[in-house]
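Each remark here refers to the structure printed beneath this line.
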Amino acid sequence: MKQPICIMAGGTGGHIFPGLAVAEELIKRGEVVHWIGSKHGLEGRLVPEQGIPLHYLAVRGLRGKHGLQRITGPIRLGISVIQALLLMMRLKPSVCVGFGGYPAGPGGIAARFMNVPVVVHEQNAVAGMTNRYLAKFAKRVLTAFPDVIEGAECVGNPIRPDIDLVGRHRIAEGHQPSGTTRVLVIGGSQGARAFNEQLPEKLKEVASHYGIEVTHQTGVSGRDQVEDRYQALDLDATVVAFVSRMAEAYREADIVVCRAGALTVSELASAAMPSVLIPFPAAVDDHQTKNGQQLQNVGAAVIVQEKDLDIFVA
Numbered sequence: 001m002k003q004p005i006c007i008m009a010g011g012t013g014g015h016i017f018p019g020l021a022v023a024e025e026l027i028k029r030g031e032v033v034h035w036i037g038s039k040h041g042l043e044g045r046l047v048p049e050q051g052i053p054l055h056y057l058a059v060r061g062l063r064g065k066h067g068l069q070r071i072t073g074p075i076r077l078g079i080s081v082i083q084a085l086l087l088m089m090r091l092k093p094s095v096c097v098g099f100g101g102y103p104a105g106p107g108g109i110a111a112r113f114m115n116v117p118v119v120v121h122e123q124n125a126v127a128g129m130t131n132r133y134l135a136k137f138a139k140r141v142l143t144a145f146p147d148v149i150e151g152a153e154c155v156g157n158p159i160r161p162d163i164d165l166v167g168r169h170r171i172a173e174g175h176q177p178s179g180t181t182r183v184l185v186i187g188g189s190q191g192a193r194a195f196n197e198q199l200p201e202k203l204k205e206v207a208s209h210y211g212i213e214v215t216h217q218t219g220v221s222g223r224d225q226v227e228d229r230y231q232a233l234d235l236d237a238t239v240v241a242f243v244s245r246m247a248e249a250y251r252e253a254d255i256v257v258c259r260a261g262a263l264t265v266s267e268l269a270s271a272a273m274p275s276v277l278i279p280f281p282a283a284v285d286d287h288q289t290k291n292g293q294q295l296q297n298v299g300a301a302v303i304v305q306e307k308d309l310d311i312f313v314a
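Going by this note's numbering, 64 is the number at position 64 of the sequence shown; the sequence numbering is gapless.
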């Protein structure tokens, strides 16, 4: 039986979606892929949908925890290392590829004990705690941006081919807005409360000077309220809870307003899409601002801090 490749990632979409993109390509090439994750992250829903075997560890995030969680966290970590060791003994993987998030830590430690090669991929412009640790003994360390981890190879983030194709067409055709500027607002899978509460009014101010059409992705909980806001403002807007066809949404937009998650920034670059980036203010180590600076430094984006939205629009 062919030795599998283990993907180790969990928690947020920023870790999971790059792992899924790599897993999809590996499967196309005839590889057997297994996933090491946690019941507490998005991988519990997203990975099984792709038909990939998912193995759960007991671990939860440690950073920023208080009280009892500070005590139980290390215990869960130890249990998770044992779980991962037993899994390695059973699966006998040829390599383990870590994309960050708390399940990757015990998975990588177990792989080291079992002499299984570890490859690390860091998506952000500031390396996360798990990847910083695994990089110390990984066989290869890959990053999306330069100068993130010493000695790493900068390879970018895995991007879906349909999004890359949008950028190729946009560059080849010399995309120019046709009269009305089409604004795409992306709040992410959970939506962004600040976007839902503030941007309709801000975009109405913009519309008083320029012709715009808005598509606003809100997350499921905010859709009806945001739609009511736009209607009350008499602003042409399509309000949706989710965007399932991201490449098509990029193709139809002239500019994107969004957070500055690692995968989002990489997609914007690949799609040759100008953007206004509003970093999530509570992001660990302010990594979203650092991500966004990769685009702002080459003139592809403008960064606006959430607290400065009023100043920016004025």
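The beta carbon of each residue, even a glycine, is placed where N, CA and C say it ideally should be.
Task: Simplified DSSP assignment, three categories, for alanine 314 - done: At alanine 314, the pLDDT of 48 sits below 50, so the modelled position is not reliable and the matter cannot be decided from this model.
TODO: Could you have a look at arginine 182 and say whether DSSP puts it in helix, strand or coil?
DONE: strand
Open item on the list: Counting beta carbon pairs with one atom in the region 261-281 and one in the region 106-115, are three or more of them shorter than 8 Å?
Closed with: no
TODO: Less than 8 Å between the CB atoms is what I'm expecting for alanine 104 and glutamine 83, so what's the real figure, rounded?
DONE: About 14 Å; that fails the 8 Å criterion.
Task: Cα-Cα separation between alanine 144 and valine 298, rounded to whole angstroms - done: 16 Å
Task: Integer-rounded CB distance, given that valine 220 should sit under 8 Å from alanine 315 - done: As shown, the chain starts at 1 and ends at 314. That puts residue 315 outside it, with no answer to give.
Task: Where the alpha helix (DSSP H) containing serine 270 begins and where it ends - done: 262-270
Task: For arginine 337, the three-state DSSP class (helix, strand or coil) - done: One cannot answer for residue 337 here, as it falls past the ends of the chain, which runs 1 to 314.
- [ ] Compute the distance between the beta-carbons of lysine 202 and leucine 309, then report whether it is under 9 Å.
- [x] yes
TODO: Spatial neighbours of valine 239 within its chain, please: CB distance less than 7 Å, with the 5 preceding and 5 following residues excluded, ordered by chain position.
DONE: His216, Thr218, Arg223, Val226, Glu227 and Tyr230
Task: Through-space distance from valine 97 to valine 284, alpha-carbon basis - done: 23 Å
- [ ] Name the residue from Leu233, Pro161 and Lys2 whose alpha carbon lies nearest to the alpha carbon of proline 200.
- [x] Leu233
TODO: Go through the region 83-166 residue by residue and report every complete run of the alpha helix (DSSP H) that reaches 4 residues or more, in order.
DONE: 104-113 and 129-134
- [ ] Would you list the one or two residues that DSSP bridges to glutamate 213?
- [x] Arg182
Open item on the list: Are the CB atoms of valine 148 and alanine 127 within a distance shorter than 9 Å?
Closed with: yes
- [ ] For tyrosine 210, collect the residues of the same chain with a Cβ closer than 7 Å to its Cβ; drop the 5 residues on either side in sequence, then sort them by chain order.
- [x] Thr181
Task: Beta-carbon proximity check, glutamate 31 vs proline 4, cutoff 9 Å - done: yes
Open item on the list: Rounding to the nearest angstrom, what Cα-Cα distance links leucine 184 and arginine 132 in this structure?
Closed with: 34 Å
Task: Cross-strand partners of glycine 37 (DSSP beta bridge) - done: Tyr56
Open item on the list: So, at 6 Å on beta carbons, what are the nonlocal neighbours of alanine 314 in its own chain, with the 5 sequence-adjacent residues on each side left out?
Closed with: Low per-residue confidence applies at alanine 314: pLDDT is 48, beneath 50, and the placement is therefore not dependable, though the value from the model is reported in the following sentence. Contacts found: none.
- [ ] Please confirm whether valine 118 and leucine 142 have their CB atoms less than 9 Å apart.
- [x] no
- [ ] Please report the Cβ distance between phenylalanine 320 and histidine 15, rounded to the nearest whole angstrom; I am assuming they are in contact, meaning their Cβ atoms lie under 8 Å.
- [x] Since the first and last residues shown for the chain are 1 and 314, residue 320 lies out of range.
Open item on the list: Rounded to whole angstroms, what is the Cα-Cα separation between alanine 125 and threonine 72?
Closed with: 30 Å
- [ ] May I ask whether a heavy atom of the ligand ATP can be found less than 8 Å away from the beta carbon of proline 48?
- [x] You won't find the ligand ATP in this model; it holds no ligand whatsoever.
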